[in-house]
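One line per chain: the protein sequences are A and B, in this order.
When the first sequence is numbered by our numbering, its final residue is 287 and no position is left out of the sequence of numbers.
When the second sequence is numbered by our numbering, its final residue is 328 and no position is left out of the sequence of numbers.
Inspection log for the structure reproduced underneath, given as structure tokens.
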Amino acid sequence: MSQSQTSPRSRSTTRHHNRPQPGKAASHPLFSSRWLWIRGLVLPVVCLIGWEGLSHIGFFPPNLFPAPSTVVQTIWSLTLSGELFQHIAITLYRVVVGFVIGSGAATLLGALTGYSRLAHQFLDPLLQSLRNIPSLAWVPLFILWMGIQEPSKLALIAVGVFFPVYLNLMSGVQQVDRKLVEVGKVYRLNSLQLIQRVFLPATLPAYIVGLRSGLGLGWMFVVAAEIMGASQGLGYLLVDGQTTGRPELILASILLFAGLGKLTDAVLATVGHRLLYWQDSYGLQR
Amino acid sequence: MAYSDKPNSASSDPFTPETIMLRLDGVVKQFSNGFMALDDIHLTVEVGEIVSLVGTSGCGKSTLLRIIAGLDVPTLGQVWVNHQPIASPQPEIGMIFQEPRLMPWLTVYENVQFGLAGLSKAEKEHLTYLVLERVGLTAFAQALPRQLSGGMAQRVAIARALITKPSILLLDEPFSALDAFIRMKLQDHLLEIWQYDRPTLVLVTHDIEEALVLSDRVIVLRSNPGRIHQEFVLDLPRPRKRTDLRFQQWKERLLNALDLTADSRSSSSAEDPLPLEVY
Ligand SMILES: Nc1ncnc2c1ncn2[C@@H]1O[C@H](COP(=O)(O)OP(=O)(O)OP(=O)(O)O)[C@@H](O)[C@H]1O
Ligand SMILES: [Mg+2]
């Protein structure tokens, strides 16, 4: 931040972390910072082309490892029949609902155990020991309690989402700078104001990290839930592809999972960057 | 150890003359680990007076200031600010820490307003620009803390403390993290700003010159347990020049006074001596 001391920046401009740097060669679009994200695409594209080529010369057996074009065709026909939309919709619904439930509970409990020492002493040991149970171990119990339908699936996803959000939020609250809290005390903020004006913004970075890894686990557990028994959803396509011997269906499902997972994470990441424009960190300056 | 037996009554104290802003009466601070940080501190500071507290590291200067600010409670004794007994932070007491302690998510403008309560937006804006002008940072109102230099950030902290118009301002080594040149500039600047409302200043410092430039009175503390060792009323005319002969003579006197406390320097001085107690 070399220029920042001579020119104050309005807030709107400080939000653009990736503003073009004057010194760096801005001549070619590939090197200007607006297009830097293209770099991330280079390797995947090369791999896809190689895969397609190798499939065409028969290097990969088509009945086990179909070409990308076959996979795309599968996705396309699923789209045309309207099936794909339904599968995506139900899977997305499960992830979102499970995520909201899990992160909601984690937010309440994490904030509580982070802020109050008493709550920490009572609740955290229990939650930490629950965390050590591999989440999939809950499956039989959930199915017994809630049946094979939606509730048990949502519960599993919620459990997966819960722990990263809980842990990050709790330690985030605990690590809020004592010195900033003291400033709040000097100005006589009451507990509620202190939470709202100091703890909440100070905890936000850790919280967003927690939400993002929680969402990642949510996607992981929706696959598990749908593999174990579903008649719809992207996870069901995996099972369907396996039982009917259609690897292109499995690959299509995997690709869609990758795309959707990335997309939802990007949404969270963007919201995070918007909220954390004030951060002074190495990652933002590159 | 003869502590004064005065009760810690919450009534205001009728025997203190009107012109007294701060009064410490037999203040003792013993930490939970048994360490005696302060022992029987008696001190009065007049309205508008500038007092410096100096002493070796770990002699309890910060502890004393925190007790005056109401951030810590004394084990024994009583603090009065403006004739009110102090047990918790009060609006008329301003505090400036060694670090700026700005909220990194707020702009300079919002940081300065942090302690303002119960005013309309227009009034807030008026006051904010008033103090920002005094510290010379109007142009940086919309900047974020990470865009400020150390000296600028500390000026924002000063503005944040000034905006509530405290009648007494406590400063704990406010410029010690800055380089010598900026420090000198800010010392002069502090005096300039002080002229507007003339709040009482109690300043903790390691820097003898800083004490000499700023204060009417210098109090030398001695450590383990922290006690007032000596007190000097500075008869130097203002504005003070660091190169003045009298100034230099005073400097020598104070250095000598500080040297007397060298025998107890062995006591440990943790960098961050405040555990979770304040939470
Ligand atoms: N919470 C605490 N518990 C135990 N001891 C403490 C605590 N806070 C401070 N102390 C001790 O009290 C003594 C005085 O601390 P204080 O921070 O007031 O010193 P200081 O004069 O401000 O030192 P410095 O000049 O280094 O800032 C130190 O020896 C410190 O170790
Ligand atoms: Mg100190």
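Virtual Cβ for every residue (Gly too), placed ideally from N, Cα, C.
Scanning B:M70, B:F230, B:K170 for the CA closest to the CA of I135 of chain B turns up B:M70. Residue contact check for G199 of chain B against chain A: no CB pair falls below 8 Å. At least one CB atom of chain A sits nearer than 8 Å to the CB of G164 of chain B.
For V184 of chain B, there is no enclosing beta strand (DSSP E), as DSSP marks it with neither H nor E.
For F80 of chain B, no alpha helix (DSSP H) segment is defined, and its DSSP state is neither H nor E. Within the same chain, V161, T187, A190, A208 come within 7 Å of L181 of chain B by CB-CB distance, once the 5 residues on both sides are set aside. In this structure V166 of chain A touches G215 of chain A by the C-beta definition: roughly 4 Å separates them, less than 8 Å.
Relative to ligand 1, the nearest heavy atom lies less than 7 Å away from the CB of K110 of chain B. Bounds of the alpha helix (DSSP H) holding S254 of chain A are 248 to 276. Per DSSP, reduced to three states, the secondary structure at P134 of chain B is strand. Listed by position along chain A, the residues whose Cβ is nearer than 8 Å to that of L71 of chain B form an empty set, because the closest Cβ is around 16 Å away. With a cutoff of 7 Å, D121 of chain B does not count as near ligand 2, since its C-beta is closer than that to no heavy atom of the ligand.
In this chain, the alpha helix (DSSP H) harbouring G115 of chain A covers 84 to 116. DSSP places T249 of chain B inside the beta strand (DSSP E), whose first and last residues are 249 to 253. Chain A has a Cβ within less than 8 Å of the Cβ of R150 of chain B. In the displayed model, Q127 of chain B falls within a strand according to three-state DSSP. In this structure, D284 of chain B has its beta carbon at no less than 7 Å from each heavy atom of ligand 2. Relative to ligand 1, F80 of chain B has its C-beta within less than 7 Å of a heavy atom.
The Cβ of R195 of chain B sits closer than 8 Å to at least one Cβ of chain A. Between the C-alpha atoms of I149 of chain A and G230 of chain A there is a straight-line separation of about 7 Å. In this structure, the straight-line span from the alpha carbon of L239 of chain A to that of A226 of chain A is close to 12 Å. Sequence-distant Cβ neighbours of T68 of chain B in its own chain, meaning closer than 8 Å and more than five residues away, are E95, V96. By the CB criterion at 8 Å, P138 of chain B and L155 of chain B fall outside the cutoff. Taking C-beta atoms under 8 Å as the contact rule, P248 of chain A and F66 of chain A qualify, at a distance of about 7 Å. Distances from the alpha-carbon of G103 of chain A to those of A:I228, A:Q175, A:L264, A:G211 put A:G211 closest. When the alpha-carbon of V140 of chain A is set against those of A:L170, A:S34, A:F163, A:F222, the nearest one is in A:F222. The C-beta distance from V199 of chain A to G185 of chain A rounds to 5 Å, short enough to meet the 8 Å contact threshold.
H274 of chain A has its Cβ no nearer than 7 Å to any heavy atom of ligand 1. By the neighbour-count criterion, in which a residue is buried when 16 or more other Cβ atoms sit within 10 angstroms of its Cβ, C48 of chain A is exposed. The criterion of a C-beta distance shorter than 8 Å is satisfied by I99 of chain B and L250 of chain B. In this structure, D221 of chain B has its CB closer than 7 Å to one or more heavy atoms of ligand 2. Within the region 123 to 170 of chain A, the complete alpha helix (DSSP H) segments of 4 residues or longer fall at 140 to 147, listed in chain order. In the three-state reduction of the DSSP assignment, A166 of chain B falls in the coil class.
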